[in-house]
Amino acid sequence: MAGRIRLYLGDLTEQAVDAIVNAANASLLGGGGVDGAIHRRGGPAILEACRQIRRTRWPEGLPTGEAVITIAGQLTAGFVIHTVGPIYGEHGGKEAQLLANCYRNALLLANQHALASIAFPAISTGVYGYPANEAAEIVSQTLQESLQRDTSISEVRLVFFAQHDLDTFLQHQKFTG
Ligand code: AR6
């Protein structure tokens with residue numbers, strides 16, 4: 001299980017994988033952080049695909065913890081899976097569950113599209129204020145659980161922007177076996 005998970009230091013938008021995951025917001029119309037970088041480097045086709053999803057499936061915006069998939073425009077990755085992480089302290093104690101849902105739903109979507117590799121940023125740990133140590137426990141447990149099920153995914157990359165964030169993840173992860 002944990003053998004399929006690799007930690008990377010660098011820029012998510014440069015990952016050559018079947019799908020990268022965007023730490024988006026409910027609007028799906030872009031923002032700062034990873035979201036901004038993805039739309040900047042991927043070009044306007046991604047935004048148009050997001051607008052289409054808003055019009056047809058989620059007129060009120062994508063709920064926290066849900067995930068949707070679009071084309072990846074000019075990015076190296078094949079697809080972008082957009083998910084909305086919880087804003088720390090604003091979900092009445094449901095933050096951990098919602099963060100887990102982001103990872104779980106992104107992996108389910110990847111499996112539905114028969115994708116083999118996927119790269120995640122550290123969802124919610126930037127602007128949304130989720131403490132990186134708490135996120136590490138949830139993310140490692142959720143990934144391990146999800147990969148125990150039958151899935152097309154053979155490689156999960158966790159991409160950290162700073163060495164300190166990667167170190168924090170290593171210190172607090174709960175992988176077993
Ligand atoms: N590659 C990898 N990691 C990155 C990159 C990158 N290019 N850029 C930032 N990070 P954030 P959130 C790291 O704020 O907390 C946006 O405005 C960053 O250092 O991007 O889920 C959205 O539109 C941090 O560790 O996402 C939403 O409004 C992690 O990615 C809101 O921010 C997540 O930081 C979402 O906030």
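The opening residue of the sequence shown carries number 1 in UniProt numbering; numbering runs sequentially from there. All residues carry an ideal CB built from backbone N, CA and C; glycine is no exception. The model shown is predicted, which means the values in this text are computed figures rather than measured ones.
Subject >> Any non-hydrogen atom of the ligand SAM within 6 angstroms of leucine 62 CB >> reply: The ligand content of the structure shown is limited to the ligand AR6, which means the ligand SAM is not among them.
Original post:
Which ranges would you report for the beta strand (DSSP E) in the segment 28–66 if only whole runs of at least 3 residues count?
Top reply: Entirely contained in the segment 28–66, not one beta strand (DSSP E) run reaches 3 residues.
Original post:
Name the DSSP beta bridge partners of phenylalanine 160, please?
Top reply: Beta-bridge partners assigned by DSSP to phenylalanine 160: Leu9.
Original post:
In chain order, what residues of the same chain lie with their CB nearer than 8 angstroms to the CB of glutamine 141, ignoring the 5 residues before and after it?
Top reply: Excluding sequence neighbours, glutamine 141 sits near Ala100 and Lys174.
Subject >> Environment of the ligand AR6 in chain order, Cβ to heavy atom below 6 angstroms >> reply: Residues with a Cβ closer than 6 angstroms to any heavy atom of the ligand AR6, in chain order: Asp11, Leu12, Thr13, Ala23, Ala24, Asn25, Gly31, Gly32, Gly33, Val34, Asp35, Ala37, Gly85, Pro121, Ala122, Ile123, Ser124, Thr125, Gly126, Val127, Tyr128, Val159, Phe161 and Asp165.
Subject >> Given glycine 65 as reference, the closest of His91, Leu170, Gly78 and Arg40 once Cα atoms are compared >> reply: Answer by Cα proximity: His91.
**OP:** With asparagine 25 as the anchor, note down where its beta strand (DSSP E) starts and where it stops.
**Re:** Element bounds for asparagine 25: n/a, residue is neither H nor E.
**OP:** Measure the C-alpha to C-alpha separation of aspartate 167 and alanine 116 and round it to an integer number of angstroms.
**Re:** Aspartate 167 and alanine 116 have their C-alpha atoms some 26 angstroms from each other.
Subject >> Unbroken stretches of the alpha helix (DSSP H), 4 residues or longer, contained in the segment 66–128 >> reply: Taking only runs of at least 4 residues, the alpha helix (DSSP H) segments lying wholly in the segment 66–128 are 95–112.
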